[in-house]
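Novice:
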Amino acid sequence: MLLPRHLANILKSRTPEICFRSFASQEKNPFVKSWDVLKNDVSHFLGVNKKPAFYPQHVDVVIIGGGFIGSSIAYWLKTRTGEGLSVLVLDKDLTFQNVQKNFSLGLITQHFTLPENIKLSQYSAEFLRNVKENLGDDVNLEYHPCNSLVLASDKYAEKLEHNVMLQKEFGLKNNLLSTEDINKRFPWINTHDIKLGCIGTESEGFFNSWNFLKGLVNKSKELGAIYVNAEVTGFELEQQRDVLMEGITPGSFERINRVKYQTPDNEEHYVKFAACILAAGDNSGHIARLAKIGTGDGLLTVPLPIEKREYNVFSLEGKAKTTGLNTPMVMDTSGLWLRRNGLESNLLCGHIPLLTDETKNFTEHEYFQNVIKPSLINRIPDFEDTEMCKLAAEKQDCNTFDDSGFLGPHAYHNNLYIAAGFGRQGCFHAPGIGRAIAELIIDSHYTTIDLTRFGFDRLLVNQPIVEFNIY
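Just so we're aligned, residue 1 is where the sequence shown starts under full-length UniProt numbering, counting upward by one.
1. Could you check how far apart the C-beta atoms of Gly-205 and Ile-108 are, in whole angstroms? I think they sit under 8 Å.
2. Runs of 3 residues minimum, wholly inside the segment 75-138: which ones carry the beta strand (DSSP E) assignment?
3. Please state whether DSSP places Pro-381 in a helix, a strand or coil.
4. From the DSSP output, which residues share a beta bridge with Val-259?
5. Under 8 Å, with one C-beta from each stretch per pair, do the segment 377-393 and the segment 315-335 reach the 3-pair mark?
6. Using three-state DSSP, classify Ser-72 as helix, strand or coil.
7. Per DSSP, what kind of secondary structure is Lys-390 in: helix, strand or coil?
8. If you count every other CB in all the chains shown that lies within 10 Å of the CB of Val-87, and 16 or more means buried, which is it?
9. With C-beta atoms as the reference, is Asn-163 less than 8 Å away from Thr-113?
10. What span of residues does the alpha helix (DSSP H) with Val-228 cover, start to end?
11. Take every Cβ of the segment 325-334, pair it with every Cβ of the segment 387-402, and state whether three or more of those distances are shorter than 8 Å.
12. Please state if the CB of Asp-397 and the CB of Gly-281 are separated by a distance shorter than 8 Å.
13. Which residue marks the beginning of the beta strand (DSSP E) containing Trp-337, and which one marks its end?
14. How close, in whole Å, do the beta carbons of Thr-386 and Leu-316 come, if the pair is a contact with beta carbons under 8 Å?
15. Would you kindly work out how many angstroms separate the C-alpha atoms of Ser-209 and Pro-250, rounded to a whole number?
16. Identify whether His-58 lies in helix, strand or coil by the three-state DSSP scheme.
17. Closer than 8 Å by C-beta to Phe-170: which residues in its own chain qualify, once you throw out the five before and the five after it? Chain order, please.
18. Is DSSP giving Ile-449 helix, strand or coil here?
19. Pick out the complete beta strand (DSSP E) segments inside the segment 153-212, 3 residues or longer, and give them in chain order.
20. Kindly list the residues whose CB is nearer than 8 Å to the CB of His-111, restricted to its own chain and excluding five residues on each side of it in sequence; keep chain order.
21. In terms of residue numbering, what span does the beta strand (DSSP E) encompassing Arg-241 cover?
22. Below 8 Å between beta carbons: does that hold for Ile-441 and Val-89?
23. Taking the C-alpha atoms as reference points, what is the distance between Leu-196 and Val-313?
24. With DSSP collapsed to three states, give me the class of Asn-399.
25. State buried or exposed for Arg-424, treating a residue as buried only when at least 16 other CB atoms are found within 10 Å of its CB.
26. Would you say Tyr-123 faces chain B, with C-beta separation under 8 Å as the test?
27. Could you spell out the range, first to last residue, of the alpha helix (DSSP H) harbouring Arg-289?
28. Apart from the five residues on each side of it in sequence, which residues of its chain come closer than 8 Å, Cβ to Cβ, to Ala-152?
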C-alpha cells in the first residue's frame with residue numbers, strides 16, 4: 001500500500017532518537033521491593049518455583065521473540081554494553097519446539113545476489129567458524145561441509161553468469177559448471193534441460209540449528225539478558241503533545257512505552273522500555289497490529305506484511321548410496337532442493353513453498369506426488385521408485401511484499417525496531433542481523449554492513465528489494 005506523497009515525504013527528514021537510561025521502579029516502596037526480590041530469589045534457589053526471580057517493571061530494551069534473531073540481538077547488546085543496558089526477552093515458547101523439529105534450517109550458502117545478503121553470509125560464516133570463541137566451548141554445531149550446486153535452465157543461464165560475476169566481486173569463490181562438467185562430477189544428475197550450473201567451493205555446508213540456538217540463548221543469559229516465557233498481548237501508548245511530525249495532527253503523536261504480556265499461568269505483567277525490538281518470526285505481523293501498525297492513521301495505515309509459510313521436508317530412505325558422499329546441496333530449476341542427511345543413508349528434500357491456490361489445498365500425499373516427485377524424477381531418474389516419507393512440517397516467516405526481511409525502526413514508532421521476515425535465512429544470517437540491530441540501538445547507525453535498504457520505509461514508497469532466485 002502506498003502512502004500519499006505528503007506522508008511519504010516524512011521519511012526524508014525523520015531521524016529516530018532513543019534515549020536510554022537505567023530504569024529504577026518508582027511504583028513500590030524500596031523496602032517492599034527489596035523484600036519481594038529476596039523472597040523470590042530464595043524460592044527460586046530452593047526450587048520452590050520455576051518462575052523468574054522477578055518480572056522487571058522497567059528495562060532499557062525489550063526483545064519480542066527469543067529465536068535465532070531475537071537471541072542474537074540480545075547477545076550483541078549484552079556483549080557490547082555488559083551491564084550498561086538491561087535486556088528482557090519475551091517468547092511464548094522458550095522450549096522452541098518448532099526449531100527442534102526443523103531439519104532444513106542450518107544451511108550455510110553463499111549463493112546470493114543482493115550485496116547485503118552476500119555480506120551477511122560472509123560474516124555469519126565467520127561467526128560460525130569461531131562459534132566456540134563466541135558462544136562457548138560447549139557449543140557443538142555438528143558442522144558438515146557441503147557445497148551448494150545451483151542449476152539454471154537456458155532461460156536463466158545468463159542471469160546465473162551475472163550472479164557469479166557479482167559474487168566474485170565480493171571475494172566469493174563460486175565456479176560455473178557446464179553440463180559436461182556437471183555430468184562428469186555428478187553422473188546421477190539428468191542435465192537434459194540444464195544449461196549451466198554454479199557450485200560453491202568454500203564456506204558452505206549445514207549445521208545443527210538447534211545447538212546453535214541453545215548456544216545463543218545460554219550465552220545471552222550468561223551475559224545478563226533476562227528471558228521470560230510469555231505471550232505479548234498489547235502495548236501501552238503515551239501521548240506526547242510536544243512531538244511534531246509531518247502528516248500527524250499536532251499534539252496527537254502517541255509513543256509506545258510499555259508492553260503487556262501474559263505468562264503461562266495467566267498472570268499479566270507490564271514492562272516499560274526505551275526501545276522495543278520485534279523479532280517474533282511469523283507472529284510479527286500480529287504483534288505489529290497490537291501497536292496499531294496497519295490499523296491506525298497516516299503512517300500507521302500500512303501493515304507489516306509478514307505471514308506464516310508452511311512446507312514439508314521429506315526423507316528419501318536409502319538413496320544416499322546413489323548420489324555418494326560428495327552429494328552437494330542441489331538447488332534445482334524447479335524449486336526442488338536436496339541434500340545428504342549428514343553421514344546417514346537417507347537424503348533430505350523439499351520444495352520452495354508455492355503460493356498458488358491449487359497447491360495450498362493439496363494434501364501431503366498430493367503435494368509429494370504432484371510437486372516433489374515429478375521434479376525429483378526429472379532431475380534424478382534413478383529415483384522413480386521413491387515413495388513418500390514425510391520427515392517434518394516446518395514453517396517460516398514470509399514477507400509477502402518482496403520476500404526480503406525487515407530491519408530497522410518503524411516509520412511512526414521510532415523506538416520500535418523490526419527484525420523479521422527473513423524466512424530460512426534468519427537462522428544463518430542471525431549473527432549479522434543481531435549485530436546490525438545492536439549498532440542501531442547503541443551507535444544510532446549501521447557501522448559494519450549497511451542494511452538500510454531492508455528498512456520498513458521501502459513499503460511506504462513501494463520499493464521492493466528482491467533477492468533474485470533463478471528457480
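Glycine is no exception: its CB is placed at the ideal position from the N, C-alpha and C atoms.
Fair warning: this is a prediction, and the values are worked out from it, not measured in the lab.
Specialist: Reading off the structure:
1. Yes, they are in contact, since the Cβ atoms of Gly-205 and Ile-108 sit about 5 Å apart, within 8 Å.
2. As summarised for the segment 75-138, the continuous beta strand (DSSP E) elements at least 3 residues long and confined to that stretch are 87-91, given in chain order.
3. In this structure, DSSP gives Pro-381 a helical state, which the three-state scheme calls helix.
4. Looking at the DSSP assignment, Val-259 forms a beta bridge with Phe-235, Val-271.
5. Two segments are said to touch when three or more pairs of C-beta atoms, one from each, lie closer than 8 Å; by this definition the segment 377-393 touches the segment 315-335.
6. Looking at Ser-72 - three-state DSSP - the assignment turns out to be helix.
7. In the structure shown, Lys-390 sits in a strand (DSSP, three-state: E or B).
8. By the C-beta density criterion, Val-87 is buried, having at least 16 other C-beta atoms within 10 angstroms.
9. Contact: yes.
10. Taken as a continuous stretch (DSSP letters only), Val-228 belongs to no alpha helix (DSSP H), being part of the beta strand (DSSP E) at 226-229.
11. Flag = no, the segment 325-334 and the segment 387-402 do not touch.
12. With respect to the 8 Å criterion, Gly-281 and Asp-397 are classified as neighbours on the basis of their beta carbons.
13. 336-340 is the span of the beta strand (DSSP E), which, as asked, contains Trp-337.
14. Right, the Cβ-Cβ distance comes to about 6 Å (below 8 Å), so this counts as a contact.
15. Separation of Ser-209 and Pro-250 (C-alpha to C-alpha, rounded to the nearest whole angstrom) is 48 Å.
16. It is a strand residue.
17. The answer, listed in chain order, is Pro-115, Ile-118, Lys-119, Gln-122.
18. DSSP places Ile-449 in coil when its eight states are reduced to three.
19. If we require 3 residues or more, the beta strand (DSSP E) runs fully inside the segment 153-212 come out as 174-177, 196-200.
20. Excluding sequence neighbours, His-111 sits near Ser-148, Val-150, Asn-163, Gln-167, Asn-174, Cys-198, Gly-200, Met-331.
21. First-last for Arg-241: undefined, no H or E at that position.
22. Annotated as distal: Ile-441 and Val-89, with beta-carbon spacing of 8 Å or more.
23. C-alpha separation (whole angstroms): 26 Å.
24. The three-state secondary structure of Asn-399, taken from DSSP, is strand.
25. Buried is the label assigned to Arg-424, since at least 16 other Cβ atoms lie within 10 Å of its Cβ.
26. No chain B appears in the structure shown, which is made up of a single protein chain.
27. It spans 284-290 - the alpha helix (DSSP H) in which Arg-289 sits, taken as one unbroken run.
28. For Ala-152, where only same-chain residues beyond five positions count, the Cβ hits under 8 Å are Lys-159, Leu-160, Ile-194, Lys-195, Leu-196, Gly-197, Cys-198, Thr-333, Ile-470.
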